[in-house]
Amino acid sequence: MRPFHPQFILEVLPQLVLYLPVTAAIVVGTVFFGSLFGILLAAGRIRRGRAGRILANLYIYVIRCVPSIVLLFLVYYGLPELLNTFGVNINDAGKGFFVITTFSLLFAASMAEVFRSAYEAVDKGQREAAVSVGMTEFQAFYRIILPQCIRVAIPNFTNALVNLMKEGSLAYTIGLIDIMGKGQLIIGQNHGSYSLEVYLALFVLYWVLTILIEKGAGLSEQRLAPDRNRRGGLSKCS
Amino acid sequence: MQLNTQFMWETFLDVLQGIPVTLKIVVVTLLVSSPLGFLMAVSKSGEGRIGRRIIVAYVSVIRGTPVVLQILFLYSLLPTVLNYLIKEVLGSSYNIFNLDPIFYAYVVFILNTTAVLSEVFRSALSTVNRGQMEAALSIGMSRPQAYVRIIMPQALVAALPNICNTTVNLLKSTSLAFMMTVKDITAIAKIDASFGYNYLEAYLVIFVVYIFLCSAVQGVFHLTEQGVAVYKKPVVS
Amino acid sequence: MLKVKEVQKAFGDNQVLRGVDIEVAKGDIVVILGPSGSGKTTFLRCLNFLERADGGTMDFDGIHTELKSASKAVVSRVRKKTAFVFQNYNLFQNKTALQNVTEGLIVARKVPKAEALARAKAALDKVGLSDRYDYYPSQLSGGQQQRVGIARAIAVDPDVLLFDEPTSALDPELIGEVLAVMKKLAKEGATMIIVTHEMTFAQEVASKVIFMDGGVIVEQGSAKQIFTTPKEERTIQFLRRVLKDFDYVI
Numbered sequence: 004m005r006p007f008h009p010q011f012i013l014e015v016l017p018q019l020v021l022y023l024p025v026t027a028a029i030v031v032g033t034v035f036f037g038s039l040f041g042i043l044l045a046a047g048r049i050r051r052g053r054a055g056r057i058l059a060n061l062y063i064y065v066i067r068c069v070p071s072i073v074l075l076f077l078v079y080y081g082l083p084e085l086l087n088t089f090g091v092n093i094n095d096a097g098k099g100f101f102v103i104t105t106f107s108l109l110f111a112a113s114m115a116e117v118f119r120s121a122y123e124a125v126d127k128g129q130r131e132a133a134v135s136v137g138m139t140e141f142q143a144f145y146r147i148i149l150p151q152c153i154r155v156a157i158p159n160f161t162n163a164l165v166n167l168m169k170e171g172s173l174a175y176t177i178g179l180i181d182i183m184g185k186g187q188l189i190i191g192q193n194h195g196s197y198s199l200e201v202y203l204a205l206f207v208l209y210w211v212l213t214i215l216i217e218k219g220a221g222l223s224e225q226r227l228a229p230d231r232n233r234r235g236g237l238s239k240c241s
Numbered sequence: 162m163q164l165n166t167q168f169m170w171e172t173f174l175d176v177l178q179g180i181p182v183t184l185k186i187v188v189v190t191l192l193v194s195s196p197l198g199f200l201m202a203v204s205k206s207g208e209g210r211i212g213r214r215i216i217v218a219y220v221s222v223i224r225g226t227p228v229v230l231q232i233l234f235l236y237s238l239l240p241t242v243l244n245y246l247i248k249e250v251l252g253s254s255y256n257i258f259n260l261d262p263i264f265y266a267y268v269v270f271i272l273n274t275t276a277v278l279s280e281v282f283r284s285a286l287s288t289v290n291r292g293q294m295e296a297a298l299s300i301g302m303s304r305p306q307a308y309v310r311i312i313m314p315q316a317l318v319a320a321l322p323n324i325c326n327t328t329v330n331l332l333k334s335t336s337l338a339f340m341m342t343v344k345d346i347t348a349i350a351k352i353d354a355s356f357g358y359n360y361l362e363a364y365l366v367i368f369v370v371y372i373f374l375c376s377a378v379q380g381v382f383h384l385t386e387q388g389v390a391v392y393k394k395p396v397v398s
Numbered sequence: 096m097l098k099v100k101e102v103q104k105a106f107g108d109n110q111v112l113r114g115v116d117i118e119v120a121k122g123d124i125v126v127i128l129g130p131s132g133s134g135k136t137t138f139l140r141c142l143n144f145l146e147r148a149d150g151g152t153m154d155f156d157g158i159h160t161e162l163k164s165a166s167k168a169v170v171s172r173v174r175k176k177t178a179f180v181f182q183n184y185n186l187f188q189n190k191t192a193l194q195n196v197t198e199g200l201i202v203a204r205k206v207p208k209a210e211a212l213a214r215a216k217a218a219l220d221k222v223g224l225s226d227r228y229d230y231y232p233s234q235l236s237g238g239q240q241q242r243v244g245i246a247r248a249i250a251v252d253p254d255v256l257l258f259d260e261p262t263s264a265l266d267p268e269l270i271g272e273v274l275a276v277m278k279k280l281a282k283e284g285a286t287m288i289i290v291t292h293e294m295t296f297a298q299e300v301a302s303k304v305i306f307m308d309g310g311v312i313v314e315q316g317s318a319k320q321i322f323t324t325p326k327e328e329r330t331i332q333f334l335r336r337v338l339k340d341f342d343y344v345i
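Residue numbers (my numbering), protein chains in the order written: chain R, 4 to 241; chain U, 162 to 398; chain B, 96 to 345.
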């Protein structure tokens, strides 16, 4: 069998950690743009307008069915050509641009569900009760509705965030150098001989990141909901 | 922007041949992972301490790491390990590198989906009222009988929406099987595209094919749900 | 026929049963009364091994066993000689009314299917649900569900029927139909142990009333004895409270 060098895992970890900021930047950028788009989608579904609802539902349905890697390649190969027909040249855009665009498109669909279920989970009577004790509409929203929405949203948001981070590892397939990309580089530099060690190091990194995200979410959930400790699930199939 | 429609049609016909491969991975994975995941869900709520710790750790690692990483890792690990086992331990002359790579796809996706389904079943089991088990025991059923006849059917119905989600995700994940040289939908599209740099067209084609497959999966689950959840419908009189 | 002695049970630090004895002869209607938290439901559940008692013995129709260490085989035998009616019915949600009743016959007792069907229908007819065979629990009212629960219990022809507050979860207007079925069973000579808060019902049907408080039996005797000439102070206080409440409602 091929030799296995456990100490190489420790050697390679610091090199990979150097690229954590890239992974983090992709996640943060995607969360920002994806959430903005997600709010629009959620509004489309909640509002009365029929066209908006149909469009938003269709978008979410399609996105749910498409593998991340297929969308990534579509954006990477298709977006420059599409924009070119409108006279916009993005051939020089960085890889990060395509990655964030792709994952924002995906993340927005998850966020639309997160926003909608959070909005619908809060009883309408809460606003009425808040207004009835003399709060303004803004106070009612800010002090009563919003905290409850956030609490409902946290478990689903956490799920979406962890998924985003995991799916984001596909960015290396178009040549982005995040922790995954760096790992592939290291394997290449050693002509494939340390692949197992590098992959194990990556396992450790991603696993720790997931646990950190989930712990963080758990803590903020507790602070927002001292009265409960139950987690809600969200199922999308019907 | 111009699309080569002739190429797209030809690619579409090629890709159709990949659908059975994709579906085979999905079906085999579900058939193996469902019972395994269910067993894990039951034993997780059971007593064995060490067993439970191992299961919790396994589920946590699988769910906390990217599928692509699991694929790359197992695909660089399994062939050499199997080769060693076959040559050195079994003394056989079988060449493991002749093995159909779909086998590795099965292993990866079964490992992954089992972890996901164990969580799905765990939460489904927790929705079945504790009284159902008590009532079954009180009329003289054994625990296994109660599980098979009373608890499992109800848990399955509760789990169906999440099993559907899992299946859709599994279907999407199989698009990464090309990394193990499996000739699935995505692999065929990639190969076709690489001849004349028609990537955009090729991916547009499989974009549509995946939407179609995904709709089919959801349709099947929708029908199943209607069929099995008879007892949840209000009375028609 | 059924004799249990010195039943002990604790949940963590909370000693719920502190040595409870009971003796039931064939045809007895034993009603257990007591304030909530007195251990009566736990006691009943121990008899069917839904809770495992920490101590105590059981003699039941030739079976002698320690409650704590009863083997699977013994538990199974006891369960086949008893039947339990739950406070919240616990009907199998995925089975029709008829299937709820046949399940215990076909699966647990290996009764041939045709015979099981006949017995199940007879049981459902007896509780007045001959027109609800194929309804699922979610399609039945609470009172109907509980009557299916009773049918499920009597169909297996148990030596003793155990009722755990069978009417507590019901809306007031549905209680009557369930109590009527239970009275009918009592008249036909069934042996029953009933935990309940229905005082009028207890006075009417009980051949023996047990008053429990704080995990022990405070007093027991005939219905007449307990309701008209209770001896213990705690019994008197309890009856005064519940019967006054009862008067108050009227």
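For each residue, glycine too, the CB sits at the ideal point set by N, CA and C.
Residues Glu146 of the same chain have their beta carbon placed closer than 6 Å to that of arginine 140 of chain B, with the five preceding and five following residues left out of the count.
Within the same chain, Tyr184, Pro261, Leu265, Val273 come within 7 Å of glutamine 241 of chain B by CB-CB distance, once the 5 residues on both sides are set aside.
Under the three-state reduction of DSSP output, valine 99 of chain B falls in the strand class. For leucine 145 of chain B, the neighbours in chain U by C-beta distance under 9 Å run, in chain order, Glu295, Leu298, Ser299.
The beta-carbon separation of valine 309 of chain U and valine 389 of chain U, rounded to 15 Å, does not stay under the 8 Å limit for a contact. Under a criterion of Cβ atoms nearer than 8 Å, no residue of chain B is adjacent to methionine 201 of chain U; the nearest Cβ is some 23 Å distant. Going by C-alpha positions, isoleucine 271 of chain U is about 41 Å away from arginine 50 of chain R. DSSP, reduced to helix, strand and coil, places aspartate 220 of chain B within a helical segment of the structure shown. Under the three-pair Cβ rule at 8 Å, the stretch 230 to 237 of chain B does not count as touching the stretch 206 to 217 of chain B.
If you check each beta-carbon in the stretch 59 to 74 of chain R against every beta-carbon of chain U, the ones closer than 9 Å belong to Tyr64, Val65, Arg67, Cys68, Val69, Pro70, Ser71, Ile72, Val73, Leu74. Interface annotation, glycine 198 of chain U: not in contact with chain R, CB-CB separation never under 8 Å.
DSSP, reduced to helix, strand and coil, places glutamate 314 of chain B within a strand of the structure shown. Each residue's CA atom was taken as its position, placing isoleucine 263 of chain U and glycine 128 of chain R some 55 Å apart. Chain order gives no chain B residues near isoleucine 324 of chain U, where near means a beta carbon separation below 8 Å; the closest approach is about 17 Å. Put simply, the backbone Cα of isoleucine 93 of chain R is about 37 Å away from that of alanine 266 of chain U.
By the Cβ-count criterion, leucine 21 of chain R is exposed, with fewer than 16 other Cβ atoms from all chains shown falling within 10 Å of its own Cβ. Per DSSP, the unbroken beta strand (DSSP E) holding histidine 159 of chain B starts and ends at 158 to 161. In the same chain as isoleucine 182 of chain R, and ignoring 5 residues on each side of it, the C-beta atoms closer than 7 Å to its own belong to Leu19, Tyr22, Leu23, Thr26, Leu205, Leu208, in chain order. Of U:Ser303, U:Tyr219, U:Leu361, the smallest CA-CA separation from valine 78 of chain R is found for U:Leu361. Under the criterion of beta carbons closer than 8 Å, valine 229 of chain U and serine 172 of chain R qualify as touching, at roughly 6 Å. Given a length threshold of 4 residues, each whole run of the alpha helix (DSSP H) inside the stretch 176 to 212 of chain B is given here in chain order: 192 to 198. Positions of the beta strand (DSSP E) runs, each at least 3 residues long and wholly inside the stretch 109 to 160 of chain B, are given as 109 to 119, 124 to 128, 150 to 155 in order along the chain.
Cβ neighbours of serine 263 of chain B within its own chain (closer than 6 Å, five residues either side excluded): Gln182.
About 4 Å separates the Cβ atoms of serine 194 of chain U and threonine 275 of chain U, confirming a contact at the 8 Å cut-off.
DSSP, read as helix, strand or coil, puts isoleucine 352 of chain U in helix. Note that the C-beta distance between serine 120 of chain R and asparagine 159 of chain R is below 8 Å.
Out of R:Glu170, R:Leu16, R:Ile63, the CA that lies nearest to the CA of isoleucine 103 of chain R is found in R:Glu170. If you draw a straight line from the Cα of lysine 121 of chain B to the Cα of glutamine 379 of chain U, it comes to about 58 Å. By the Cβ rule, the stretch 148 to 164 of chain R does not count as touching the stretch 74 to 88 of chain R, because fewer than three pairs are nearer than 8 Å. Identification of residues in the stretch 148 to 176 of chain B having a C-beta nearer than 7 Å to some C-beta of chain U yields Ser171, Arg174, Lys175, given in sequence order. Counting along the chain, aspartate 175 of chain U sits inside the alpha helix (DSSP H) bounded by residues 166 to 177.
Within the DSSP bridge table, the entry for valine 290 of chain B names B:Ile127, B:Asp259 as partners.
Contacts with chain R at 8 Å (Cβ-Cβ) do not include serine 287 of chain U. The beta carbon of glutamate 84 of chain R falls within 8 Å of a beta carbon belonging to chain U, placing the residue at that interface.
The beta-carbon separation of aspartate 229 of chain B and leucine 193 of chain B, rounded to 7 Å, stays under the 8 Å limit for a contact. Its chain contains Lys216, Leu219 as the residues whose beta carbon lies nearer than 8 Å to that of serine 225 of chain B, once the 5 sequence neighbours on both sides are disregarded; these appear in chain order.
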